Amino acid sequence: MDRRRKRDESRLVVERVQTGLRVEKRILKVLKGLAEYHDITLGDLVEGIVLHAFEGKAPFGAESRKVINDLRRVYGLDLTARSSHRLKERGNG
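Going by numbering that gives the first Met the number 0, the sequence shown opens with residue 0, and the numbers climb by one from there.
Next comes the structure, spelled out in C-alpha cells:
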C-alpha cells in the first residue's frame, strides 16, 4: 500500500459548516498565502492552527514561520499578539 493510500485511510470524517467569519484584511492575506504555500485549503490551515492552540502547541515550525514573516512584510501586517483584543473596525465608534 502506498503512502497516499495509507494517509487517505487514516483521515477522520467531520462535518464542516460555512461561516461568515470576519477577519482583518492583511491577516487573511497572510493566511491565504500560507495555505497556498502548503497546498492546503484556508479552512484546513485554520483548523490546524486552532487544534494546535487548543493543546497549547505551536502550530508552525521554523520554515513556516519564515514564510509567515515574508508574507507579513509583503502585505504590511504589523499587528502582533498584543494587538489581538484591541482591534476595531473603521467607522464603528
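Using N, Cα and C, we set each Cβ at its ideal position, and we do this for glycine too. Nothing here was measured: the structure is a model prediction, and the numbers come from that model.
Let's see if you can read the secondary structure: which residues bound the alpha helix (DSSP H) around SER63? First-last of the alpha helix (DSSP H) with SER63: 61-74.
Would you mind working out which of LEU50, ILE26, GLY90 and ASP38 sits nearest SER83, comparing C-alpha positions? That would be ILE26, whose Cα lies nearest to the Cα of SER83.
Coarse secondary structure for LEU33, derived from DSSP in three states: It is helical.
Mind checking which residues open and close the alpha helix (DSSP H) that includes ALA52? Per DSSP, ALA52 belongs to the alpha helix (DSSP H) from 41-53.
is_contact[LEU78, chain D] using C-beta, thresh 7 Å: Protein chains in the displayed structure number just one, and chain D is not present.
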